[in-house]
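**Q** Protein chains in written order, with the numbering used here: chain A, 76 to 342; chain B, 44 to 375.
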Amino acid sequence: MSFHIVVCGSLVPDPLQTLEPMQGPTGPALKNEMMLPAVLDPWAGHALFEAATLAANVPGSKVWLVSLGPKAKLQQLMMSIAQKVAFDLVAVDGPAGGFLDAFETAEALAGAIDGIAGLEKDKMLLFGGCASSSRDASVTMQLIGERLGITDQFLAVDELKPEADGSFQIMERIEAGEYLVSKCAGAPAMVGWATGNLPEPPNNPQVGMQNMRTVMPALQQAKPAQVGTGDVNFTKVEVPQQRRETKIVKDTPVEEIAADIVAWLKG
Amino acid sequence: MEKVLFIAHTDADGNLPKAALETLTAAKATCGDLTVGLIGADVQAAADSIAECGAEAILGVSGDAFGASRYSTDAAAIEALVKQAAPEVVIAPNTARFARSMPGAAFRCGGKIDTHITGMFREGGKLEVQRWYYRQRMSATLSREARPWFLLLEGGLAEAFSGAGSAIVQTVDVAVDNVRTEVVGVQAPDSDAQTIRPEAEVLFVAGAGWMKKQADGEVKIKDAEEIILGFLDKTQASLGSTKSLVDQEAEGDVLNFMSHMNQVGQTGSTPRHNKGLATCCHGEEPHTVGWRFINERRAISLDANCGWAQGKADVLYIADAFEVMKKVNELL
Ligand SMILES: Cc1cc2nc3c(=O)[nH]c(=O)nc-3n(C[C@H](O)[C@H](O)[C@H](O)COP(=O)(O)OP(=O)(O)OC[C@H]3O[C@@H](n4cnc5c(N)ncnc54)[C@H](O)[C@@H]3O)c2cc1C
Numbered sequence: 076m077s078f079h080i081v082v083c084g085s086l087v088p089d090p091l092q093t094l095e096p097m098q099g100p101t102g103p104a105l106k107n108e109m110m111l112p113a114v115l116d117p118w119a120g121h122a123l124f125e126a127a128t129l130a131a132n133v134p135g136s137k138v139w140l141v142s143l144g145p146k147a148k149l150q151q152l153m154m155s156i157a158q159k160v161a162f163d164l165v166a167v168d169g170p171a172g173g174f175l176d177a178f179e180t181a182e183a184l185a186g187a188i189d190g191i192a193g194l195e196k197d198k199m200l201l202f203g204g205c206a207s208s209s210r211d212a213s214v215t216m217q218l219i220g221e222r223l224g225i226t227d228q229f230l231a232v233d234e235l236k237p238e239a240d241g242s243f244q245i246m247e248r249i250e251a252g253e254y255l256v257s258k259c260a261g262a263p264a265m266v267g268w269a270t271g272n273l274p275e276p277p278n279n280p281q282v283g284m285q286n287m288r289t290v291m292p293a294l295q296q297a298k299p300a301q302v303g304t305g306d307v308n309f310t311k312v313e314v315p316q317q318r319r320e321t322k323i324v325k326d327t328p329v330e331e332i333a334a335d336i337v338a339w340l341k342g
Numbered sequence: 044m045e046k047v048l049f050i051a052h053t054d055a056d057g058n059l060p061k062a063a064l065e066t067l068t069a070a071k072a073t074c075g076d077l078t079v080g081l082i083g084a085d086v087q088a089a090a091d092s093i094a095e096c097g098a099e100a101i102l103g104v105s106g107d108a109f110g111a112s113r114y115s116t117d118a119a120a121i122e123a124l125v126k127q128a129a130p131e132v133v134i135a136p137n138t139a140r141f142a143r144s145m146p147g148a149a150f151r152c153g154g155k156i157d158t159h160i161t162g163m164f165r166e167g168g169k170l171e172v173q174r175w176y177y178r179q180r181m182s183a184t185l186s187r188e189a190r191p192w193f194l195l196l197e198g199g200l201a202e203a204f205s206g207a208g209s210a211i212v213q214t215v216d217v218a219v220d221n222v223r224t225e226v227v228g229v230q231a232p233d234s235d236a237q238t239i240r241p242e243a244e245v246l247f248v249a250g251a252g253w254m255k256k257q258a259d260g261e262v263k264i265k266d267a268e269e270i271i272l273g274f275l276d277k278t279q280a281s282l283g284s285t286k287s288l289v290d291q292e293a294e295g296d297v298l299n300f301m302s303h304m305n306q307v308g309q310t311g312s313t314p315r316h317n318k319g320l321a322t323c324c325h326g327e328e329p330h331t332v333g334w335r336f337i338n339e340r341r342a343i344s345l346d347a348n349c350g351w352a353q354g355k356a357d358v359l360y361i362a363d364a365f366e367v368m369k370k371v372n373e374l375l
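1. Could you name the residues of chain B that A:Asn308 contacts, counting a contact when the two beta carbons are closer than 8 angstroms?
2. Give me the Cα-Cα distance between A:Ser242 and B:Ile264, rounded to the nearest whole angstrom.
3. Is the shortest distance between the beta-carbon of B:Leu275 and the beta-carbons of chain A less than 7 angstroms?
4. Figure out for me which residue from A:Pro263, A:Val167, A:Met154 and A:Leu94 has the closest Cα to the Cα of A:Gln301.
5. If you check the beta carbons only, do B:Ala4 and B:Ile361 fall under 7 angstroms apart?
6. Could you compute how far the alpha carbon of B:Arg143 sits from the alpha carbon of B:Gly354?
7. Can you tell me the Cβ-Cβ gap for B:Leu298 and B:Phe247, rounded? I've got them flagged as a contact below 8 angstroms.
8. Under a CB-based cut-off of 7 angstroms, is A:Glu195 close to chain B?
9. When you compare the CB of B:Phe150 with every CB in chain A, is at least one pair closer than 7 angstroms?
10. Using the Cβ count rule (16 or more neighbours within 10 Å means buried), how would you classify A:Pro87?
11. Looking only at its own chain, which residues have a Cβ that is under 6 angstroms from the Cβ of B:Gln309, when we skip the five neighbours before and after it?
12. In whole angstroms, what separates the C-alpha of B:Leu282 from that of B:Cys323?
13. Establish whether the CB of A:Ile156 and some CB of chain B are separated by less than 7 angstroms.
14. To the nearest angstrom, report how far apart A:Glu195 and A:His79 are at their CA atoms.
15. Could you tell me the distance, in whole angstroms, from the CA atom of B:Thr393 to the CA atom of B:Ala129?
16. Can you grab the Cα-Cα spacing for the pair B:Thr161 / A:Ser209, in whole Å?
17. Select from B:Val367, B:Thr238, B:Ile134 and B:Gln257 the residue whose C-alpha is nearest the C-alpha of A:Trp324.
18. Give the DSSP-derived three-state secondary structure of A:Met216 in the structure shown.
19. Restricting to Cα atoms, I'd like to know which of A:Lys159, A:Ile336, A:Pro145 and A:Cys83 is closest to A:Asn279.
20. Output needed in chain order: residues of the region 215-232 of chain B with a Cβ under 7 angstroms from some Cβ in chain A.
21. For A:Tyr254 versus A:Met246, is the C-beta distance shorter than 7 angstroms?
22. Please go through the region 158-232 of chain A and give each complete beta strand (DSSP E) segment of 3 or more residues, from N-terminal end onward.
23. In angstroms with no decimal places, state the Cα-to-Cα distance between A:Ser77 and A:Gly283.
24. Under 7 angstroms Cβ-Cβ, which residues of chain B neighbour A:Trp339?
25. Show which residues of chain B have a CB atom less than 7 angstroms away from the CB atom of A:Pro90.
26. Do B:Gly300 and B:Asn372 have their CB atoms nearer than 7 angstroms?
27. Anything in chain B within Cβ reach of A:Lys258, meaning under 9 angstroms, just list it in chain order.
Structure below.
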């Protein structure tokens with residue numbers, strides 16, 4: 076029993092960048108959004124690495140990466156991730172910001188997945204991050220799953236252990252640092268990944284060359300998608316005034332600092 | 044005001060979690076006619092615990108299949124409750140169980156959903172909510188046209204509701220068929236690894252400095268372990284970590300009570316505690332965005348130019364955290 080693993084993942088601004096909201100033509104956006112350096116959305120990245128490892132361990136499996144984003148930025152992103160793991164890219168040309176409506180994003184992605192030639196739905200594992208670091212809603216993956224008729228869904232997953240019969244055991248993060256353990260009869264299923272258990276793979280130029288065979292045509296053929304803010308009416312978007320007046324305590328004996336901390340903890 | 048359906052699931056003991064009771068208070072305060080929908084193996088005790096909430100009806104989906112947290116049965120239960128109550132707004136706590144199942148249920152009901160709601164109020168008669176974007180970097184206030192509008196509320200928005208009595212539950216039948224997922228159970232960390240304590244007053248964050256070579260050229264993992272565990276034991280604080288520290292863990296240098304579940308920040312958690320103490324941590328933005336809901340913040344670092352000094356902490360102690368925390372433990 077092999078898997079057809081479809082990973083949904085796109086780009087987000089590098090978290091080390093300063094982000095500032097502004098009013099765009101159709102709703103809030105980020106200042107200089109097109110210029111901000113982007114990275115692969117971290118949890119989607121974990122999903123991609125887990126997908127590649129799972130595919131390598133279950134013979135006959137295959138991985139697609141479905142990405143919705145501005146074509147030019149997707150191309151840049153591919154430069155940094157195409158050398159990591161093997162996948163077939165399915166690109167959808169459209170915006171990829173946090174203020175876009177998850178429902179419209181899900182519709183565009185589900186449409187793109189529906190159009191993948193050779194994808195067998197009864198073998199499909201729909202992978203993605205448990206949340207994006209832009210919208211951070213944990214909604215899109217479930218909506219794609221529903222649109223594709225997938226009714227076994229898992230969120231904040233750290234482990235998927237396949238069995239020989241195609242079933243698998245799943246560990247999902249729940250409250251208070253605990254895991255919920257479930258057994259699923261097999262594909263199709265949606266798996267929204269948390270960190271998983273794998274380190275980021277090192278760059279492998281051979282993998283990069285192999286991926287480029289599908290990446291460039293996929294980018295050229297990327298279909299445009301109409302994705303906006305939907306029916307959401309934003310009345311205010313702001314960066315909170317978070318600067319505190321930091322008191323810096325230095326050249327002070329350890330005893331004094333410790334006593335100060337204890338008084339604060341007990342106060 | 045909109046007709047509201049408040050939905051909650053029971054915990055393993057058949058009670059309502061605190062987050063649900065807080066959400067109920069918030070729903071009552073901002074919306075109109077209230078219906079309650081409960082999901083669980085047996086929902087009578089949960090219904091009784093909120094019998095005085097003023098609901099027009101308390102609906103229940105119950106049975107063994109609904110005792111466990113599972114997407115297919117939860118989504119079906121929510122869908123049935125919404126179809127029965129026909130609300131304009133659906134409000135529920137942002138628990139792991141509902142975070143997983145509510146979006147799909149909203150889709151099935153032809154509604155829209157917003158999650159991680161940290162504020163809910165009326166502006167000119169209109170229902171508005173507040174949530175964060177870009178992992179706690181920006182806050183937005185928004186409303187939606189679509190109905191039913193599903194909202195998952197974060198904890199701490201209101202006082203927990205109390206008003207027990209004896210409730211009449213109207214059973215809503217939901218067919219359980221084609222269940223392909225079997226819930227095995229909850230796996231708690233070993234007791235000495237049970238370091239994540241959401242209800243704790245204090246968050247203690249350990250950074251990568253604890254595993255770094257110190258001034259004398261030594262790496263002091265044993266000392267670090269003893270000091271950190273000693274502090275957690277004495278204060279019952281919750282343990283958080285930076286990404287750098289847990290990534291090292293993955294590479295094998297271990298503080299064996301620490302895992303990536305402890306990570307706070309951009310790709311970790313955003314816990315809620317009244318006080319936070321960061322140690323051996325540089326206070327970089329991808330870490331400190333996870334401190335959005337920590338009220339009082341202090342840090343101990345050797346570096347006077349670290350992120351905490353840039354308006355991110357109330358007090359920054361420039362000192363050796365090994366020495367300071369050893370002394371703190373002695374004083375506690
Ligand atoms: C996509 C992305 C996502 C990220 N997500 C997260 C996230 O979710 N959470 C997160 O934490 N980070 C995240 N990061 C990483 C983040 O940018 C920082 O690299 C990380 O937080 C640094 O961890 P640190 O402060 O523990 O380590 P370091 O930067 O190595 O700092 C160690 C500190 O310890 C101090 N120190 C050493 N010894 C002592 C001592 N004896 N006493 C006192 N102080 C001492 C040093 O002075 C230094 O300030 C992310 C980065 C990226 C690119």
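The beta carbon of each residue, even a glycine, is placed where N, CA and C say it ideally should be.
Keep in mind the model is a prediction, meaning the values are calculated, not measured.
**A** According to the structure data:
1. Simply Leu185, Ser186, Arg187 and Glu188.
2. Straight-line Cα distance between these residues: approximately 40 angstroms.
3. It does not: the Cβ of B:Leu275 has no partner Cβ on chain A nearer than 7 angstroms.
4. Taking only the C-alpha atoms, the option nearest A:Gln301 is A:Val167.
5. Missing from the structure shown is residue 4 of chain B; chain B here goes from 44 to 375 and no further.
6. Using only the alpha carbons, I get a separation of about 36 angstroms.
7. With a Cβ gap of about 13 angstroms, B:Leu298 and B:Phe247 do not count as contacting.
8. Taking 7 angstroms as the CB threshold, A:Glu195 stays off the interface with chain B.
9. Yes, B:Phe150 counts as interfacial toward chain A.
10. The sequence as given places Val at residue 87 of chain A; Pro does not occur at that position. That one is buried.
11. The answer, listed in chain order, is Arg178, Pro329 and Val332.
12. Using only the alpha carbons, I get a separation of about 14 angstroms.
13. A:Ile156 does not count as touching chain B.
14. Our two residues, A:Glu195 and A:His79, have alpha carbons roughly 7 angstroms apart in a direct line.
15. Past the boundaries of the shown model lies residue 393 of chain B; chain B is included only from 44 to 375, so the question cannot be answered.
16. When rounded, the distance between both Cα atoms is 17 angstroms.
17. With the sequence shown as reference, residue 324 of chain A is identified as Val, and Trp is not the correct amino acid for it. Nearest C-alpha to A:Val324: B:Val367.
18. Here A:Met216 sits in helix by DSSP.
19. Nearest of A:Lys159, A:Ile336, A:Pro145 and A:Cys83 to A:Asn279, Cα basis: A:Lys159.
20. Result list: Arg223, Thr224, Glu225, Val226, Val227, Gly228, Val229, Gln230, Ala231 and Pro232.
21. At the C-beta level, A:Tyr254 and A:Met246 come within 7 angstroms of one another.
22. With a minimum length of 3 residues, the unbroken runs of beta strand (DSSP E) contained wholly in the region 158-232 of chain A fall at 163-168 and 199-204.
23. As the crow flies, the alpha-carbon of A:Ser77 is around 24 angstroms from that of A:Gly283.
24. For A:Trp339, the residues of chain B that pass the 7 angstroms Cβ criterion are Arg341, in the order they occur in the chain.
25. Gln309, Glu328 and Pro329, listed in chain order.
26. Reading the sequence as shown, one finds Phe at residue 300 of chain B and not Gly. Taking the C-beta atoms as reference points, B:Asn372 is found no nearer than 7 angstroms to B:Phe300.
27. Those are Thr224, Glu225, Val226 and Val227, listed as they occur along chain B.
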